[in-house]
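Participant: Below you will find the structure I want to go over with you.
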Amino acid sequence: MILINIIYDSIFMLFLAYGFGFLYYGLYRNISARVHGRFGPSLAQSFIDSIKLFTKKNSTSFGWMFYLGPIIAATGATMTVLFIPFLSDKEYLNGFSEYGNLIVVLYFMVLGPLGNALGIGSNGNPFGVMGVTRGLTRLIGLELPFYIAVIGLMIANETASIAQIVSNQSEQMNIITYPLLFISAFISFLGFMGKSPFDVVGAPQEVYSGPASEFSGKFFGLALSQSAIFSFAKLLLMVNLFMGGADSLMILVVKTFILFISAVFVGNIYARFTTIQSVEFLVRVPTLIGLIGLYYV
Amino acid sequence: MFSYEITPLSNLFFTLTIIVFSSLFVVKNENRDIFLHSLLLVSLGTIFYANNFITFFIGWEVMTWSSYFIISKTANQNTLQKYIAFNVGAGFVLLGAIILIFGFCGSFIYSEIDFSLVPEFYTNIIVCLFLIAIFIKSGVVPFHFWVVDTYNESNNIFSVILSAIISKVGIFTFIVVFIQIIKLENIESIVLDIVAWVGVITSIIATFKAISQDDMKKLLAYSSIAQVGYIVTIMAIFTSTAIEGALYHTIIHTFVKLLLFVNIAAIIYITGQTKFSQLGRLLYKYPLNFILLTIGIIALAGMPPLGGFSSKFLIYTTLLEEKKALLLVAVMFSSASAFLYCYKLVYGIYLGQSTNDIEQYKKIPNSFYIPQIIGAIVVIVLGIFPSLIVPFFNDILVSLGLEAFDFTSIYELNTTISSFNGAVVMGVFIGLFMIILAIFMSIKNKAIKNKDRYDISYCGEVPIDDVNLHYGYGMGQELKKVSFIKVILENSSSKLWNKIEKIVLDISIVIKRLYSLATQNIIILILLVFTIVLFIGASR
Chain F
68 MILINIIYDS
78 IFMLFLAYGF
88 GFLYYGLYRN
98 ISARVHGRFG
108 PSLAQSFIDS
118 IKLFTKKNST
128 SFGWMFYLGP
138 IIAATGATMT
148 VLFIPFLSDK
158 EYLNGFSEYG
168 NLIVVLYFMV
178 LGPLGNALGI
188 GSNGNPFGVM
198 GVTRGLTRLI
208 GLELPFYIAV
218 IGLMIANETA
228 SIAQIVSNQS
238 EQMNIITYPL
248 LFISAFISFL
258 GFMGKSPFDV
268 VGAPQEVYSG
278 PASEFSGKFF
288 GLALSQSAIF
298 SFAKLLLMVN
308 LFMGGADSLM
318 ILVVKTFILF
328 ISAVFVGNIY
338 ARFTTIQSVE
348 FLVRVPTLIG
358 LIGLYYV
Chain G
11 MFSYEITPLS
21 NLFFTLTIIV
31 FSSLFVVKNE
41 NRDIFLHSLL
51 LVSLGTIFYA
61 NNFITFFIGW
71 EVMTWSSYFI
81 ISKTANQNTL
91 QKYIAFNVGA
101 GFVLLGAIIL
111 IFGFCGSFIY
121 SEIDFSLVPE
131 FYTNIIVCLF
141 LIAIFIKSGV
151 VPFHFWVVDT
161 YNESNNIFSV
171 ILSAIISKVG
181 IFTFIVVFIQ
191 IIKLENIESI
201 VLDIVAWVGV
211 ITSIIATFKA
221 ISQDDMKKLL
231 AYSSIAQVGY
241 IVTIMAIFTS
251 TAIEGALYHT
261 IIHTFVKLLL
271 FVNIAAIIYI
281 TGQTKFSQLG
291 RLLYKYPLNF
301 ILLTIGIIAL
311 AGMPPLGGFS
321 SKFLIYTTLL
331 EEKKALLLVA
341 VMFSSASAFL
351 YCYKLVYGIY
361 LGQSTNDIEQ
371 YKKIPNSFYI
381 PQIIGAIVVI
391 VLGIFPSLIV
401 PFFNDILVSL
411 GLEAFDFTSI
421 YELNTTISSF
431 NGAVVMGVFI
441 GLFMIILAIF
451 MSIKNKAIKN
461 KDRYDISYCG
471 EVPIDDVNLH
481 YGYGMGQELK
491 KVSFIKVILE
501 NSSSKLWNKI
511 EKIVLDISIV
521 IKRLYSLATQ
531 NIIILILLVF
541 TIVLFIGASR
């Protein structure tokens with residue numbers, strides 16, 4: 068009985084993550100367009116793109132690992148969603164979160180990129196691997212401040228359970244209690260969300276190099292869907308860790324939207340760092356802020 | 011003189027040794043010397059089951075020399091000198107510590123030694139001597155100078171034993187000496203803090219060095235150093251969670267390195283190539299080997315749903331329990347950076363573009379798969395049942411006088427900070443994977459398989475043979491541009507050891523002059539020494 072409930076829950080959670088992931092992606096394209104002085108595509112465009120890619124008649128395959136790569140990536144992204152509670156103190160929309168904890172979720176977040184990297188490596192395109200290398204190198208920089216913030220929270224709450232960290236914030240959100248930790252986590256979060264100045268160039272844009280070089284048709288569709296779901300998972304994690312979680316779906320939407328929109332605005336202001344520059348920056352400024360924050364925990 | 015005692019701890023280590031030795035025994039290996047390998051096995055048994063320092067020390071020396079002779083078959087002079095200088099040095103240091111303990115406590119037998127009899131000044135000396143011996147054997151920075159070349163130049167199969175078992179002798183010695191004999195209350199906390207930091211610095215340095223290697227075995231050697239670094243860090247915490255984490259990581263690392271080294275030995279056996287820049291795209295030629303390596307790197311990186319995560323989880327929660335925030339940041343940073351060398355390992359060999367004609371390579375002999383499959387099964391089973399070995403650990407912890415661990419079910423790994431359910435994680439992973447696979451494959455669109463390896467998107471051009479398409483083997487080169495990594499990559503402990511070598515040479519020249527003195531001068535010298543000794547004796 069419990070299992071069936073969890074399965075219904077999971078399906079609903081994945082639909083929500085997929086829907087909001089693409090909705091926010093559409094909003095991002097719109098807002099960026101307005102900043103550039105364009106109108107941008109309609110909100111529905113990102114959904115249309117996703118479905119269109121799955122119905123493309125042809126796509127190129129490079130053997131079975133090319134199939135498995137994006138599938139492992141999608142598994143990683145969906146698992147991340149299912150192990151983060153959507154709502155606090157509720158019986159539903161919590162998926163498998165009681166069987167995992169924050170450390171498990173942090174590791175799931177790397178499973179997706181690994182699957183992607185395996186798929187990209189198997190196609191033999193040097194430009195794809197160039198993107199992967201940039202991404203993984205940047206990850207070294209991104210994870211340091213993020214881990215400092217997360218460790219600070221885990222030590223302050225003496226637990227690694229996300230639900231516990233959320234319920235400890237019932238009086239005051241962590242964003243107010245530990246502002247320095249939030250700042251260092253937020254700077255990393257910009258990079259995790261693929262926003263400037265820490266983004267890695269994607270293949271279809273400007274420069275012809277990046278993780279998605281060889282993906283076409285349904286492969287690209289899957290890659291795009293998993294990245295939408297994954298970006299919602301990251302929003303969810305930040306909301307749970309620093310913004311006190313959410314009691315109802317409405318509050319969840321508002322909180323993730325606020326977080327998302329601030330990431331988009333910051334991302335639109337700054338130009339992109341090179342990979343080396345972003346690692347150099349990340350191991351200095353946000354790390355230092357995080358360490359000061361950690362001292363006060 | 012030889013006396014033994016069976017303890018749960020020695021059983022654990024000797025079982026690991028037996029599994030590794032016997033699984034490697036089936037692997038095809040022309041250079042295997044049965045006599046020396048048996049001698050090594052006996053010496054390891056002597057070390058693990060000894061109940062006094064004399065037996066232990068004899069085992070230690072036999073281990074050093076038998077592995078020296080095995081390595082000497084393939085390694086060059088320089089590497090051998092490094093190996094023997096460091097390991098004999100470790101033996102001397104260990105002997106010094108043992109004699110000091112005997113001097114104060116009057117016994118070599120572990121259970122009879124009352125360490126509180128040792129004066130405080132000598133306690134620190136003994137602790138330092140033991141630590142140096144352990145650090146040398148386990149290859150902790152800055153004593154790792156001998157490790158990489160030795161691993162790289164020894165027989166491909168023997169590297170497994172070096173990495174999986176011999177590096178663990180240091181870990182075993184640490185637990186026996188520091189927990190059973192010296193005991194926590196006799197060690198100053200600053201010493202333990204230093205040990206913990208030495209461990210974590212080891213792992214960070216070794217991780218970045220590993221990323222920049224072009225040689226497969228060197229990459230794995232550095233990765234071994236890094237993993238042992240985690241174990242050293244966690245052991246210095248001394249709580250029962252810490253020792254459990256250390257033992258767990260020891261087991262995982264033993265099996266993962268068994269898997270990875272044998273995997274690479276198979277590739278070297280077939281292709282004769284040892285560098286990433288000369289390999290590539292072996293994925294479709296050796297799919298099973300590829301899958302096993304992928305399992306290995308997922309466990310090495312400590313990702314769920316495999317067993318590697320369970321040990322990483324224990325390491326993190328120990329540091330959380332003790333509120334060692336900075337250590338934890340450093341450990342997590344190092345293990346996040348490890349993804350890069352894990353990916354490099356799988357990309358450089360199996361993915362990307364081939365740099366050779368891969369059609370010429372023969373089939374991998376089946377015997378190479380056996381140790382790999384054993385390693386893979388262990389990490390998968392420990393992923394599903396993370397608490398499967400906790401009862402064994404509890405025996406060990408109780409025998410060491412530590413608190414037993416909370417054990418509820420074999421699916422769930424509990425600590426005071428948090429818990430996770432391995433079976434659920436694995437179940438969800440497999441379930442989601444199957445569902446996504448089924449949905450994806452049910453989309454009826456045609457996927458056309460590319461015919462030629464040059465059939466890739468290449469800026470609108472067609473790549474030619476001269477262009478290097480196997481790009482990723484150079485992964486890690488760009489890290490040299492990051493200032494703090496540049497410091498790590500450009501400096502090496504060899505500078506330090508070269509200086510020490512020069513000093514030792516200078517001293518030996520002075521000593522050599524003494525031997526060439528005239529006879530009457532030598533007599534005067536002997537008389538002088540004799541007088542001094544008499545004087546000291548009389549003043550007592």
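These protein sequence lines are chains F and G, in that order.
Residue numbers for the first sequence, in our numbering: 68 to 364.
Residue numbers for the second sequence, in our numbering: 11 to 550.
For glycine and all other residues, C-beta sits at the position ideal for the given N, C-alpha and C.
Note that the structure is predicted; figures quoted are calculated from it, not measured.
(1) Which residues mark the beginning and the end of the beta strand (DSSP E) in which S429(G) is found?
(2) When we look at the beta-carbon of C352(G) and count the other beta-carbons within 10 Å, is it buried (16 or more) or exposed?
(3) Hey, is L303(F)'s beta-carbon within less than 8 Å of any beta-carbon in chain G?
(4) So with CB distances below 9 Å, who are the chain F contacts of Y296(G)?
(5) Looking at the strands, I want to know which residues DSSP matches up with S409(G).
(6) Can you give the Cα-Cα distance for Y296(G) and S99(F), rounded to whole angstroms?
(7) Please list, in chain order, the chain G residues whose beta carbon lies closer than 9 Å to that of L257(F).
(8) Measure from the alpha carbon of F343(G) to the alpha carbon of each residue in Y214(F), L160(F), P152(F) and I118(F), then state which is nearest.
(9) Does chain F have any CB closer than 8 Å to the CB of I390(G)?
(10) With a floor of 4 residues, list each alpha helix (DSSP H) that falls wholly inside the stretch 184-230 of chain F, ordered by position along the chain.
(11) Given a threshold of 16 other Cβ atoms within 10 Å of its Cβ, counted over all protein chains shown, does P375(G) qualify as buried or as exposed?
(12) Please confirm whether N161(F) has its beta-carbon closer than 8 Å to some beta-carbon of chain G.
(13) Tell me the residue span of the alpha helix (DSSP H) that contains K125(F).
(14) Go ahead and pull the three-state DSSP assignment for N424(G).
(15) Give a yes or no on whether the C-beta atoms belonging to L319(F) and M305(F) are separated by under 8 Å.
(16) For the putative contact between E347(F) and V492(G), defined by C-beta atoms under 8 Å, what is the C-beta separation to the nearest angstrom?
(17) Using a Cβ-Cβ cut-off of 8 Å, state whether K456(G) counts as contacting chain F.
(18) Around the C-beta of W131(F), are 16 or more other C-beta atoms found within 10 angstroms, so that it is buried, or is it exposed?
(19) On the three-state DSSP scale, how would you describe E273(F)?
(20) CB-CB under 6 Å to F349(G), same chain, minus the five flanking residues each way: which ones, in chain order?
(21) Excluding the 5 residues preceding and the 5 following S53(G) in the sequence, name in chain order all residues of the same chain whose CB lies nearer than 7 Å to its CB.
(22) Can N162(G) and A231(G) be called in contact, C-beta distance under 8 Å?
(23) So with CB distances below 7 Å, who are the chain F contacts of A137(G)?
(24) Which residues in the same chain have their Cβ closer than 6 Å to the Cβ of V238(G), if we skip the five residues on either side of it in sequence?
(25) Taking M245(G) as the reference, which of I235(G), A236(G) and L257(G) has the closest Cα?
(26) Short of 9 Å Cβ to Cβ, which residues in the stretch 360-385 of chain G face chain F?
(27) From which residue to which residue does the alpha helix (DSSP H) around I71(F) run?
(28) For Y363(F), is the classification buried or exposed, using 16 other Cβ atoms within 10 angstroms of its Cβ as the cut-off for buried?
(29) As a quick exercise: from G357(F), M146(F) and H103(F), pick the residue whose alpha carbon is nearest that of K301(F).
(30) Taking C-beta pairs closer than 9 Å, name the residues in chain F that E488(G) reaches, listed in chain order.
(31) Whole-angstrom Cβ separation of M221(F) and L169(F), contact assumed at under 8 Å?
(32) Consider the Cβ of N424(G): report whether some Cβ of chain F lies at a distance smaller than 8 Å.
(33) Output yes if chain G places a C-beta closer than 8 Å to the C-beta of L316(F); else output no.
(34) Going along chain F in order, which residues have a C-beta closer than 7 Å to the C-beta of Y232(G)?
(35) Taking Cβ to Cβ, would you say L355(F) is nearer than 8 Å to P137(F)?
(36) Grab the span of the alpha helix (DSSP H) containing K157(F) for me, first residue to last.
Facilitator: Taking the structure as given:
(1) S429 to N431
(2) buried
(3) no
(4) Under a criterion of Cβ atoms nearer than 9 Å, no residue of chain F is adjacent to Y296(G); the nearest Cβ is some 12 Å distant.
(5) Checking the DSSP bridge columns, you'll see S409(G) has no partner listed.
(6) 47 Å
(7) By Cβ distance, chain G contributes nothing, its closest Cβ being about 18 Å from L257(F), past 9 Å.
(8) For the residues Y214(F), L160(F), P152(F) and I118(F), the minimum Cα distance to F343(G) belongs to Y214(F).
(9) no
(10) 193-224
(11) exposed
(12) no
(13) The sequence shown places Asn at residue 125(F), rather than the Lys named in the question. Premise fails: N125(F) lies in the beta strand (DSSP E), N125 to S128, not in any alpha helix (DSSP H).
(14) Strand, per DSSP.
(15) No.
(16) 6 Å
(17) yes
(18) exposed
(19) Only weak support exists for where E273(F) lies, its pLDDT of 46 falling under 50; the value from the coordinates is given anyway. In this structure, E273(F) counts as coil in the three-state DSSP scheme.
(20) A311
(21) G69, V72, M73 and S76.
(22) It is a contact, given that the beta carbons lie within the stated cut-off.
(23) The sequence given here places Val at residue 137(G); Ala does not occur at that position. By Cβ distance, chain F contributes nothing, its closest Cβ being about 29 Å from V137(G), past 7 Å.
(24) S148 and S177
(25) L257(G)
(26) Y360, L361, G362, Q363 and S364
(27) It spans I69 to H103 - the alpha helix (DSSP H) in which I71(F) sits, taken as one unbroken run.
(28) exposed
(29) M146(F)
(30) T200, R201, T204, T342 and I343
(31) 6 Å
(32) So, not an interface residue.
(33) no
(34) None at all; the shortest Cβ gap to chain F is about 16 Å.
(35) no
(36) Careful: K157(F) lies outside any alpha helix (DSSP H) and carries neither H nor E.
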